[in-house]
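Below: one structure, written as structure tokens.
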Amino acid sequence: MNNLRILILAAGKGTRMKSKKAKVLHAVGGSSLVSHVVRAATPVVGNGLLVVVGHQSEQVKALLPGLEFVEQKEQLGTGHALMCAREALAGFSGDLLVLPGDVPLISTETIQAFLDFHRNGKFQASVLTADVGDPHGYGRIVRRNNNEIGGIVEHRDASPEVLKIHEINSSIYVFHTPALFDALTRVRNENAQKEYYLTDVIGILSSEGKKVGAWKVPHADEILGINTRQELAATDHLMRRRKCDVLMTSGVTIIDPASTFIDAEVQIGADTVIYPSVQIYGPSIIGEDVTIQSFCRISNARIEARSTLLEGSIVVDSSIGSDVSVGPFAHFRMGTRLEDTVKVGNFVEIKKSTLGRGTKSMHLAYMGDATIGKNVNIGAGVITVNYDGINKNPTTIDDDAFIGSDSQLIAPVHVGKGGFVAAGSTITEDVPSESLAIGRGRQVNKENRAPHRKKKNGI
Ligand code: UD1
Ligand code: CA
847 MNNLRILILA AGKGTRMKSK KAKVLHAVGG SSLVSHVVRA ATPVVGNGLL VVVGHQSEQV
907 KALLPGLEFV EQKEQLGTGH ALMCAREALA GFSGDLLVLP GDVPLISTET IQAFLDFHRN
967 GKFQASVLTA DVGDPHGYGR IVRRNNNEIG GIVEHRDASP EVLKIHEINS SIYVFHTPAL
1027 FDALTRVRNE NAQKEYYLTD VIGILSSEGK KVGAWKVPHA DEILGINTRQ ELAATDHLMR
1087 RRKCDVLMTS GVTIIDPAST FIDAEVQIGA DTVIYPSVQI YGPSIIGEDV TIQSFCRISN
1147 ARIEARSTLL EGSIVVDSSI GSDVSVGPFA HFRMGTRLED TVKVGNFVEI KKSTLGRGTK
1207 SMHLAYMGDA TIGKNVNIGA GVITVNYDGI NKNPTTIDDD AFIGSDSQLI APVHVGKGGF
1267 VAAGSTITED VPSESLAIGR GRQVNKENRA PHRKKKNGI
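Numbered per my numbering, the sequence shown spans residues 847 to 1305.
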């Protein structure tokens, strides 16, 4: 980490994305493009990272707390971005490693190996290159007769001869910092885009007889730069496929990796089975022997061992204990907690509530702002009426209570331990423990009134 700074270029708009959002803010594998680059660079440089921001700089900075930033107010090219960093790097005479903010597949190992190449070769500047099948859009590496690097020519400025070159510029460089800032004073914007190109520094240093190195990356897909929505989708696909591979290697069954979306930071235990078309996002943690059936969406959630999520269940910002059964079509959100062995069935929504061990709610219910104890039975169609139009009010149901089907609990309300609410009740007052509460109109049977309907309809 000695005598090294890493600078990430993240000021550009990304015109080809046709987006209101700056390119580096677009996400692949669950994180923004620039976050992936920061994650890969940090182990190499420690806290020596510097990020050039410009377009939507506030949003980019908010995404990367604790880093040092340089403002590039007008985006006049990659060379201009470096000119803007001159002040921040004043007095620094070590190596400056430059990374574009749009290469999310770059790895720490490759960055480190490239830096070692630069240092071992005692170069003034080095560029990371790659041989690619389709070099369209990239800057081309032009070598002299003796194979030394002569310069980089942008696609738009290239002659038909140069366009035939398949060795491309990755936009990843290491510079001896004083040599870089000296050469930048000679960069002009006389090119197709009227921009100050960082690529020109390589040509300038080379023509001045400085030692310039070029290192071909072993895995060319690591340096894929994302410029279009198509490239965004292709990279996202690649990352998710890699995540599935890592999980399968560690013992997770993924029935159809092609339709499975799992973010990079998700952890899953061995012998868990993931059915087709499942999405697991954010820092979710899933234990061993869990079953997740098709069309479930899990986001920022924790699911402990041996639990089962049947089809179409959604779990957001919530946690589920072990041996729990959920769904099909259940929806949990906002800090819901299901303790071990809970059973929740079809079409049950639970918001900001806790269900104690062994509690059951099998059909068509809503629980919001509720604290529910152990071994409680919640009947079909039960609703905690938590919102009075102004406030969200709490419902508390103690252990062993029984809430009959189609009852409404008008919060704030408390059902004591072992309390029993008769089916079809509207409960507006607390129910003491071990008591039976009936809150409904009494049934009236009127004899012989049924034929009346038949007469009227001529039956
Ligand atoms: C650049 C290289 C090209 C290389 C390609 C690799 C130049 C002139 N060209 O082209 O040789 O093959 O990357 O992907 O450098 N940025 C700024 N400020 C600016 C302009 C850009 O910070 O004024 C940032 C962008 O946010 C982006 C990075 O620099 O993260 C690269 O910019 P981009 O416009 O994508 O460059 P390319 O045209 O792809
Ligand atoms: Ca690019």
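No residue lacks a Cβ here, since even glycine has one placed at the ideal position from N, Cα and C. None of the values given here were measured: they were computed from a predicted structure.
Within the DSSP secondary-structure output, Gln902 pairs in a beta bridge with Gly900.
When secondary structure is reduced to three states using DSSP, Asp941 falls in the strand class. Sequence-distant Cβ neighbours of Glu1157 in its own chain, meaning closer than 6 Å and more than five residues away, are Gln1139, Ser1140, Phe1141, Pro1174.
Among the bridge pairs identified by DSSP, Lys1189 is matched with Ser1171, Lys1206.
Counting only the Cα atoms, Pro1258 lies some 51 Å from Ala1080. Between ligand 1 and the CB of Leu855, the shortest heavy atom gap is smaller than 6 Å. Counting of Cβ neighbours within 10 angstroms places Pro1297 among the exposed residues, the total staying below 16.
Judged by the Cβ position, Tyr1019 fails to qualify as a neighbour of ligand 1 at the 6 Å threshold, every heavy atom of the ligand being at least this far. Burial check for Leu1201: the Cβ neighbour count within 10 Å reaches 16 or more, so the residue is buried. Just measuring C-alpha positions, the residue of Gly1071, Glu914, Ala931 sitting nearest Ile1018 is Gly1071. Val1170 and Arg1183 have their C-alpha atoms some 11 Å from each other.
Setting aside the 5 residues that flank it on each side, Lys1197 is surrounded in the same chain by Arg1179, Met1180, Gly1214, each with a C-beta closer than 6 Å to its C-beta; the list follows chain order.
In chain order, Asp1244, Gly1262, Lys1263, Gly1264, Gly1265 place their CB closer than 8 Å to the CB of Ser1279, counting only its own chain and leaving out the 5 sequence neighbours on each side. Glu1068 carries a helical assignment under DSSP once its states are collapsed to helix, strand and coil. Contiguous alpha helix (DSSP H) elements confined to the stretch 1018-1074 occur at 1023-1030, 1045-1053, taking only those with 4 or more residues. Short note on Asp948: C-beta closer than 6 Å to some heavy atom of ligand 1. Around the C-beta of Ala1216, 16 or more other C-beta atoms lie within 10 Å, and the residue is accordingly described as buried.
Here Leu1255 has Thr1230, Thr1241, Ile1273 as same chain residues with Cβ atoms under 6 Å from its own Cβ, once five neighbours each way along the sequence are excluded.
About 33 Å separates the Cβ atoms of Leu951 and Glu1036, ruling out a contact at the 8 Å cut-off.
Spanning the alpha carbons of Pro946 and Asn1015 requires a straight line of approximately 11 Å.
Inter-residue distance for His964 and Thr1099 is about 43 Å (C-alpha atoms, whole angstroms). Look at Gln1113 here: in three-state DSSP terms it is strand. In the three-state reduction of the DSSP assignment, Ala908 falls in the helix class. The Cβ atoms of Phe1107 and Thr1023 lie no closer than 7 Å to each other. The residue among Ser1164, Ile1011, Ser1053, Val1020 with its C-alpha nearest the C-alpha of Gly996 is Ser1053. Partner residues in the beta bridge of Tyr1233, as assigned by DSSP, are Lys1238. Thr954 is positioned such that its CB atom lies closer than 7 Å to that of Ala886. Membership of Asp977 in the beta strand (DSSP E) is indicated by the continuous run 971-977. By the Cβ neighbour-count rule, Arg990 is exposed, with fewer than 16 other Cβ atoms within 10 Å of its own. For the pair Gln1289 and Ser1271, the Cα-to-Cα distance works out to about 13 Å. In this structure, DSSP gives Asn1223 an extended state, which the three-state scheme calls strand. With contacts defined as CB atoms closer than 7 Å, Asp941 and Val1033 fail to qualify as a contacting pair.
Under the 10 Å beta carbon count, Glu917 is surrounded by fewer than 16 other beta carbons and is classified as exposed.
Within its own chain, the residues whose Cβ lies closer than 8 Å to the Cβ of Glu914, once the five positions on either side in sequence are excluded, are Leu895, Leu896, Val897, Ala934, listed in chain order.
Distances taken from the Cβ of Thr1045 to the heavy atoms of ligand 1 include one shorter than 6 Å. When beta bridges are read from the DSSP output, Glu1195 appears opposite His1177, Tyr1212.
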